[in-house]
Structures are given as structure tokens and as C-alpha cells.
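What follows is one structure encoded as C-alpha cells, with my remarks underneath.
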Amino acid sequence: MTKEEFILAVQDLGISLTEQQISQLEKFYQLLISWNEKMNLTRITDVEDVYLKHYYDSLTLLKAVDLSQVSTLCDVGTGAGFPGIVLKIVFPNLKVTLVDSLQKRVTYLNTIIQELGLTDIVAYHVRGEDYAKEHREEFDVVVARAVSELRIIAEICIPMVKIGGHFIAMKGNVTEELLLGKRAVGVLSGRIEDLISFSLPNDAGNRTLVVVSKLKNTELKYPRPIDKIKKRAL
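Using this note's numbering, read the sequence shown as starting at 411 and increasing by one per residue.
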């Protein structure tokens, strides 16, 4: 997907990019590739692949939620900054929190934030389940892209969602996870509201957005320590 094709494709998602946003995305790519030579951020490095499999893929979150109406968003396990940084560039109204467990990735993320001149976005070096303990029912939207099995990442993310807000798991093939994941979501005071399945352009793969609505406060015992989450998943 060329830059020009990307600009047209996101119009179908309801996005009209400004020249500044296009420039920020170009600079983001340059910084990503530069840092990727020093540390393992992504195997996807071709510019057209990044526009499709990182940038466009990040923005497919719009199929699940109108981010122009959202105030606070947390991206758990953000890695190289997808989808969080892309969402912040395109929706400057968002207050974005990036959570990652690796210090050197957070150093990279802070450099990206500074170089792109982004505000109201912070990156924290912390495990998701530890961050969730201190930030319960705080965010309108919590998102995790290609992070862990559904019932594991749900236990980390759902406690952070405000009542009436949403947790969205951005997945590839989710079929095998759904049965167990549905039970876990219920235990955590959520409900799977929608499953949005689609294919990326250019036969780049299938995706499913698992959209979870938060019904009431999650019990204080969740999330548990990560070893217990993995050993005895809900």
C-alpha cells in the first residue's frame, strides 16, 4: 500500500488526513526504521508494508469505535507504538497512555513522542497488570493489538475500562479463543458486544476486533499477578 493508497483507504474509515498528519506519519516511519536497526521493534520494514500492516491496521479500530467522541485511551503492550501513536497522530483530541514492559522500547516511544511534537500522550515502563491495579475504571477505551490470548489480555485490560467504556482486542484468527474468552470477559464484568471481522486490503490477512463493553466495576482481586493469570486463566 503506497502512501497515496493509504490516504485514500482511510477515507473509507471516515478519516481525512491533514498535511501535518501525513508528514508526522512519514517521520514516524523514518524513526521506526532507524531505531529498528538498534533493537527489535518490527519485522515489517518495507514502507508499503508499514503503511498497510501497521498504519492502516491500527486505524481499523475505527470500525469498532468513533474515536472523535473518545477522551482517554490506553494501549497495552504497545510495542513499537501500534496502534497508540498512529491513533494519537490521527486523533489529536485523544489523551493516550502507552504501556510496555520493556524499558528500551519506552525510551524509543518517548523519542517518537518528542520528535513528532505530540502532546497529551505518555509512555510507561510497567507491566500491564501492575498498571491496571493503580488505574482502575480510568479509560474510555483500552486496546491491545495482537497481545496474548483473549482471556489473558482481558484480565489485564478490562479492569482499566470505565463503566460504559470499551476494551477492544485487535486479533487475527480469534475463533479458538472465543469460547473461553467469553467466560473470562463475564467474570471481569464485561460483555462481548460485537465481533467485527474483515480482510486487510491487498490480501494482507484477516482481522477480528473483539469489542467488549464494561457493565460494572471489576472485582478488586483482578487482575491477578501474571504468573497466576497464565497458570490459571479465567
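Beta carbons: idealized from backbone N, C-alpha and C, even for Gly.
Asked	Found
Using DSSP's beta-bridge definition, name the partner residues of Tyr461.	None, per the DSSP bridge assignment.
Measure the C-alpha to C-alpha separation of Leu406 and Ser468 and round it to an integer number of angstroms.	Because the chain spans 411 through 644 in this model, residue 406 falls outside it and cannot be assessed.
Using the C-alpha atoms, what's the distance from His464 back to Phe492?	7 Å
Please classify Phe394: is it buried, with 16 or more other beta-carbons within 10 angstroms of its beta-carbon, or exposed?	What is shown of the chain runs 411 to 644, which leaves residue 394 out entirely.
For Ser558, is the classification buried or exposed, using 16 other Cβ atoms within 10 angstroms of its Cβ as the cut-off for buried?	buried
Is it a yes or a no for the segment 596-610 touching the segment 526-545, going by three-plus beta-carbon pairs under 8 Å?	no
Assuming contact is defined by CB atoms lying nearer than 8 Å, are Ile578 and Ala542 in contact in what I supplied?	no
Please name the residue, chosen from Val536, Ile563, Thr618 and Gln421, that lies closest to Val595 on a Cα-to-Cα basis.	Ile563
Do the CB positions of Ile568 and Val622 come within less than 8 Å of each other?	yes
Measuring alpha carbon to alpha carbon, tell me which residue in Val486, Pro502, Val500 and Phe501 is nearest Val516.	Val486
If you count every other CB in all the chains shown that lies within 10 Å of the CB of Met570, and 16 or more means buried, which is it?	buried
Let's test the definition: count the other Cβ atoms within 10 Å of the Cβ of Thr412 and tell me whether it reaches 16, buried, or not, exposed.	exposed
State the CB to CB distance for the pair Thr618 and Lys581, rounded to an integer number of angstroms; the pair is presumed to be in contact (CB under 8 Å).	5 Å
Rounded to whole angstroms, what's the CA-CA distance from Ser426 to Leu418? Just pull it up for me.	9 Å
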